[in-house]
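Asker: Chains A and B, in that order, give the protein sequences.
Quick note on numbering: the first sequence equals residues 1 to 299 in the working numbering.
Quick note on numbering: the second sequence equals residues 1001 to 1288 in the working numbering.
Each residue gets a CB set at the ideal place from its N, CA and C atoms; glycine is no exception.
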Amino acid sequence: MAAAAGSRGFGLGRPGWRARADVVRTVFVARIKIITRYKGAILMEALLPIVFAAMPVLLGTTVASQQGVDPGAVFCENTMVSGRCTTNFRLYMLIGASTFTVVSLMLWLIGYWVRREQETGTLESLALAPARRIWVLAGVTTYAFVRAMIAFVIAIALGSLIFQVNPFERGVATALAFLALGLLPLWGLSFMFGAFIMKIKEADSVIQVLQWVLAFLMGVFYPITLLPPIMQGVAGLFPPTVMTDAVRASILDISYFYGSAYGSLAVLFAMALIVPLLGYEVFEVTERRLRRKEGVGHY
Amino acid sequence: MHRGVGLSRFDLRNRAISFWDMSKKKIVEFSRYPVAFVALFVQIFLIIAMFLFASLAFTPGGRASPAAGQQALGATVVYGFIVGLFLSFTLWEIGFSIREEQTRGTLESLYLSPASKVSSLVARVFAILLWSGAMAVMAIVFVGAVVGGLPTANVGLALLVLLFSISGFLGMGFIFAGVTIKLKETAQLLVNGLQFFFMIFSAQFFPFAALRQVSPLIVDGVSKWLPVSYCVDAFRSLLIGAEPELGLGMGAEILIVVAFGIVSPIVGYWIYKRLERGARIAGTLGEY
């Protein structure tokens, strides 16, 4: 990638906008080409949220039926906030699991990208390329975003057929707007995560544990109002939680964690402004420190 | 080898020593990555907590529901999860470890050593299975603390069922080790798929009644044909002290699990040897 960027004539000159866009495109195309060699991975990513949603649906249905009550009614009663709830627990789980897949994939793909480059010994050469890191990262995150969205769309479409739910009844445009806005802080989180992996190196275990922390905090299977108050506070400051909650609230017409759609929009907007800048800063600082010490390619 | 195998034949003592050496190598490797160990531990609690929260959302009265209901629910989740934990680690660890050796370029040289191949395969998963056992105990304690105690009837028999189940899973792990040699990176996708398949169709996180509610055909046409389902059902039912759900009776289920535990490693190893031989003939054993 570095070589490709270099060959396009940066020389001693500063890359202009066209060259920067070219870096993003080159990195993006390279990643896409790699993943096309593993088509099964995309299918598996799309099936993951369906399997993930199926488990609580099956568990919950049995629990409720054993007590002789309607699972939808019990779910509605137990998850009611400000007098609003939904009986459509299948769609609730499917949306939660699908947005979780987007979040998890974004972090996973960035973390693994950093680790792979370290392992294959190309991260250091990448640091020597004249292209600024932000454009390389933009290429990788765009690829992660596209891959995550493919999984999301397939999961929602296929999951809706399997669970026999209709996600297009209401609020789709609002949900998509929240999803789009929520992806910006997610970008920032991905940068931070990449920096973290670069520093601690043990990508596998960290990614695995983090994805469950995410699932727990995001309230993939339950509203975060079910969590203890302190954890609710922590979860509410976490951008993917706000995104999942808002997407679900707009489609299922249930209450928003921050009171209203405008409340959640304001919080998510603030996060969209702060987190990407903070994330990139964290990435740059970590990288700079590592370069001064053992170097970024230390495996 | 360094203990003087030379040209002599491997006796039982040598086999035991080489097995311990190979297992020790994995333990040393694990000890170099303490974050991974802690991460695994944390992960287990998070998964269980998440499913418990999810199921509480369907329990009339939620967290204020009667303790007996919560205990039955917690037992169903955690006992199924324990079997799933061993299955998942066995499936993942052997194949993943082979893949790592391929990536590092050490697999081919390893195959030139006179050490037993079965030992080499089992040693890859031995340490993680011991750790899984510890995690299983901690998971039971954790869920027990959350729901106010778990039923623990027939512990001895349940442990025997678990032992044969693990032996059966090892056979599946051997097959996937062979598949990894053949398919390389793609094998991990297959393992992933298989893991999800068993999670759902062997009812690891919910009772089989849930699948029957969706369609009786799922249980009769799929679950009942999977030995893993009997491992889950027998282990869970024994500990809860209830009748097994798959309808064969406890005696028959235990027999199936024992047969699975004996036959699966033999068949699995035979398949592994065939795949490995194919790779050696084709010269692709260490190919990355």
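Counting C-beta neighbours from all protein chains within 10 Å, is the total for B/P1207 16 or more, i.e. buried, or is it exposed?
Answerer: buried
Asker: Got a sec: is the Cβ-Cβ distance from B/G1144 to anything in chain A below 9 angstroms?
Answerer: no
Asker: If you drop the 5 nearest sequence neighbours on each side, which residues of the same chain put their C-beta closer than 6 angstroms to that of A/S250?
Answerer: G171, T174, A175
Asker: Assuming B/D1233 is part of the alpha helix (DSSP H), what are its boundary residues?
Answerer: Here the alpha helix (DSSP H) through B/D1233 covers 1227–1240.
Asker: Looking at B/G1178 and B/E1100, is the spacing between their C-beta atoms short of 9 angstroms?
Answerer: no
Asker: How about A/L186 and A/M243: are their beta carbons less than 9 angstroms apart?
Answerer: Between A/L186 and A/M243, the CB-CB gap stays under 9 angstroms.
Asker: State the Cα-Cα distance for the pair A/L183 and A/A272, rounded to the nearest angstrom.
Answerer: Taking the straight line joining both Cα atoms gives about 8 angstroms.
Asker: Looking only at C-alpha atoms, which of A/G159, A/A97, A/R20, A/F221 sits nearest to A/W135?
Answerer: For A/W135, the closest of A/G159, A/A97, A/R20, A/F221 by C-alpha to C-alpha distance is A/R20.
Asker: Since I believe B/G1074 is in contact with B/V1143 (beta carbons under 8 angstroms), could you give me their beta-carbon distance rounded to a whole number of angstroms?
Answerer: 5 angstroms
Asker: Relative to the alpha-carbon of A/L179, which residue among A/D70, A/M44, A/T79, A/L265 has its alpha-carbon at the smallest distance?
Answerer: A/L265
Asker: Hey, out of B/M1135, B/I1271, B/T1103, B/S1120, whose CA is closest to B/V1083's CA?
Answerer: It is B/M1135 whose Cα lies nearest to the Cα of B/V1083.
Asker: Using a Cβ-Cβ cut-off of 9 angstroms, state whether B/L1190 counts as contacting chain A.
Answerer: yes
Asker: Could you give the first and the last residue of the continuous alpha helix (DSSP H) run that contains A/I302?
Answerer: Since the first residue of chain A shown is 1 and the last is 299, residue 302 of chain A is not available in this structure.
Asker: Whose C-beta lies closer than 7 angstroms to the C-beta of A/R158 among residues of the same chain, with five residues either side of it excluded?
Answerer: The displayed chain sequence assigns Leu, not Arg, to residue 158 of chain A. Shown here for A/L158: same chain residues with a beta carbon closer than 7 angstroms to its own, the five before and five after excluded, namely A46, I50 in chain order.
Asker: Rounded to whole angstroms, what is the Cα-Cα separation between A/A97 and B/F1260?
Answerer: 34 angstroms
Asker: Per DSSP, what are the beta-bridge partners of A/V358 in this structure?
Answerer: Because chain A in this structure spans residues 1 to 299, residue 358 of chain A falls outside the shown range and cannot be described.
Asker: Ignoring anything shorter than 3 residues, give me the beta strand (DSSP E) runs that lie fully in the region 1036–1088 of chain B, in order along the chain.
Answerer: The region 1036–1088 of chain B contains no whole beta strand (DSSP E) run of 3 or more residues.
Asker: Please compile the residues from chain A whose C-beta is within a distance smaller than 7 angstroms of the C-beta of B/V1042.
Answerer: V209
Asker: Among A/T62, A/R84, A/V63, which residue has its Cα nearest to the Cα of A/F257?
Answerer: Selected option, being the one with the closest Cα: A/R84.
Asker: Give me the Cα-Cα distance between A/A246 and A/C76, rounded to the nearest whole angstrom.
Answerer: 17 angstroms
Asker: Using a Cβ distance threshold of 8 angstroms, determine whether the region 1213–1221 of chain B contacts the region 50–68 of chain A, with at least three qualifying pairs required.
Answerer: yes
Asker: So B/T1186 contacts chain A; which residues on that side make the cut at Cβ distance below 8 angstroms?
Answerer: Y38, G40
Asker: Please check if any C-beta of chain B sits within less than 9 angstroms of the C-beta of A/S7.
Answerer: Residue placement at A/S7 is poorly supported in this model, since its pLDDT is 48, which falls under 50; the coordinates still yield a value, given next. Cβ-Cβ to chain B under 9 angstroms: no for A/S7.
Asker: Looking at the C-beta of A/W212, does it have a partner C-beta in chain B at a distance below 9 angstroms?
Answerer: yes
Asker: By how many angstroms is the C-alpha of B/S1132 removed from the C-alpha of B/D1220?
Answerer: 31 angstroms
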